[in-house]
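This report concerns only the one structure given below.
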Amino acid sequence: MSLLIVGELINTSRKAIKEAVEARNASYIQQVAVEEAKAGADYIDINCGTVVFEEETTIEWLVNTVQDVVKDIPLCMDSPNSKALRAGLRQHRNGQPMINSITAEKERFENVLPLVLEYQAKVVALLMDDSGMPETVEQRIKIVDKLIPDLIKSGIPQNDIYLDPLIKPISTGDQAGQEVLKTVQYIKSKYPDVHTICGLSNVSYGLPNRKVLNHVFTVLNLGMGMDSFILNPTDKQLMGLIFAAQALLGLDRHTMKYLKAYRNGLYE
Numbered sequence: 001m002s003l004l005i006v007g008e009l010i011n012t013s014r015k016a017i018k019e020a021v022e023a024r025n026a027s028y029i030q031q032v033a034v035e036e037a038k039a040g041a042d043y044i045d046i047n048c049g050t051v052v053f054e055e056e057t058t059i060e061w062l063v064n065t066v067q068d069v070v071k072d073i074p075l076c077m078d079s080p081n082s083k084a085l086r087a088g089l090r091q092h093r094n095g096q097p098m099i100n101s102i103t104a105e106k107e108r109f110e111n112v113l114p115l116v117l118e119y120q121a122k123v124v125a126l127l128m129d130d131s132g133m134p135e136t137v138e139q140r141i142k143i144v145d146k147l148i149p150d151l152i153k154s155g156i157p158q159n160d161i162y163l164d165p166l167i168k169p170i171s172t173g174d175q176a177g178q179e180v181l182k183t184v185q186y187i188k189s190k191y192p193d194v195h196t197i198c199g200l201s202n203v204s205y206g207l208p209n210r211k212v213l214n215h216v217f218t219v220l221n222l223g224m225g226m227d228s229f230i231l232n233p234t235d236k237q238l239m240g241l242i243f244a245a246q247a248l249l250g251l252d253r254h255t256m257k258y259l260k261a262y263r264n265g266l267y268e
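When we follow the UniProt record's numbering, the leftmost residue of the sequence shown carries the number 1, and every step to the right adds one.
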């Protein structure tokens with residue numbers, strides 16, 4: 001299993017990024033992008049969804065700004081707005097782009113699918129349909145069994161599909177973590193060529209010591225077969241846990257990745 005890491009830091013919901021975007025401070029954005037690339041990100045996420053009325057021009061600027069310094073890592077266009085996604089994709093020149101995201105909602109599926117096909121992009125697919133956010137494992141599985149066949153039938157290769165099970169905070173329901181783990185296990189057992197991905201931090205929302213919960217949940221998801229994450233790659237402790245977990249799960253041939261991480265000083 002090849003693990004895919006999407007660096008999450010260039011997001012205007014973060015105060016420093018929002019201020020840099022508003023000031024068109026290219027050097028700060030580029031510094032963050034380079035740090036993510038050096039830390040091992042396979043994709044760099046570009047999310048300016050909080051800039052609602054200027055999202056299209058902002059995502060164009062961000063994509064070009066990042067690609068000017070990170071020339072060998074593709075970008076993930078992160079928006080529910082298909083017009084903003086297209087604006088970012090038009091500027092993309094670093095290999096195969098990723099689109100975050102499509103859903104089983106009829107309108108969103110119909111708006112985003114043509115972009116995935118036109119740009120031959122990887123796509124993050126959220127387990128959500130027109131009935132709203134799923135509450136149970138069974139509801140998630142029902143969406144999985146509709147969304148994956150619909151994407152495949154539309155011409156998307158299974159290897160380019162990344163299912164996001166949608167994480168709810170355990171502070172609002174103590175089974176929220178289990179719901180995700182069981183959904184990931186189901187996806188990997190029935191659709192082994194389809195990937196699973198998520199941003200983990202929502203699981204700890206509203207609780208103290210969030211970092212520990214996020215880190216442990218990452219390892220638990222790896223054990224269930226999750227093979228992609230949207231996270232902060234500059235978090236050395238988290239990346240160290242990921243390499244260690246992969247080695248222990250037999251997903252790191254001859255522990256080469258773990259040993260390389262050790263030699264590179266990750267476990268200081």
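C-beta atoms are modelled at their ideal positions from N, C-alpha and C, and glycine is treated no differently.
The model shown is predicted, which means the values in this text are computed figures rather than measured ones.
Beta carbon of residue i nearer than 9 Å to that of residue j
i	j	result
residue 130	residue 78	no
residue 121	residue 150	no
residue 204	residue 228	no
residue 85	residue 43	no
residue 160	residue 116	yes
residue 207	residue 213	yes
residue 110	residue 91	no
residue 112	residue 162	no
residue 75	residue 126	no
residue 209	residue 168	no
residue 108	residue 134	no
Residue closest to residue i, alpha-carbon to alpha-carbon, out of the options
i	options	result
residue 118	237, 96 and 103	96
residue 154	267, 114 and 268	114
residue 132	106, 157 and 264	106
residue 164	200, 239, 172 and 257	200
residue 94	69, 81 and 111	69
residue 66	166, 24 and 101	24
residue 274	255, 249 and 242	What is shown of the chain runs 1 to 268, which leaves residue 274 out entirely.
residue 15	6, 252 and 48	48
residue 192	134, 250, 254 and 224	224
residue 177	136, 27, 268 and 264	136
residue 158	87, 190 and 53	190
residue 11	89, 249, 211 and 232	232
Contact belief for residue i with residue j at Cβ below 8 Å, rounded distance in angstroms
i	j	result
residue 51	residue 21	7 Å
residue 234	residue 35	5 Å
residue 18	residue 56	The pair is not a contact, with the Cβ atoms about 17 Å apart (cut-off 8 Å).
residue 62	residue 102	Not really, about 21 Å apart at Cβ, beyond 8 Å.
residue 273	residue 230	With the chain covering only 1 through 268, there is no way to say anything about residue 273.
residue 39	residue 73	Rounded, the Cβ-Cβ distance is 11 Å, inconsistent with contact.
residue 124	residue 152	About 16 Å separates the two Cβ atoms, so there is no contact after all.
residue 255	residue 247	5 Å
Taking only runs of the alpha helix (DSSP H) that begin and end inside the region 54 to 108, which ones reach a length of at least 4 residues, in chain order? Contiguous alpha helix (DSSP H) elements confined to the region 54 to 108 occur at 55 to 67 and 82 to 91, taking only those with 4 or more residues.
Would the region 172 to 187 and the region 139 to 151 be scored as touching if the rule is three or more Cβ pairs under 8 Å? With contact defined as three or more Cβ pairs closer than 8 Å, the region 172 to 187 and the region 139 to 151 are in contact.
Between the region 214 to 224 and the region 238 to 252, can you find at least three pairs of beta-carbon atoms closer than 8 Å? The region 238 to 252 vs the region 214 to 224: in contact.
Could I get the ranges of all uninterrupted alpha helix (DSSP H) runs contained in the region 148 to 218, with 4 residues as the minimum, in chain order? DSSP runs (the alpha helix (DSSP H)) wholly in the region 148 to 218: 176 to 190.
I'd like the ranges of any alpha helix (DSSP H) spanning at least 4 consecutive residues and lying wholly in the region 232 to 262. Runs of alpha helix (DSSP H) with 4 or more residues, each lying fully within the region 232 to 262, are found at 236 to 248, listed in chain order.
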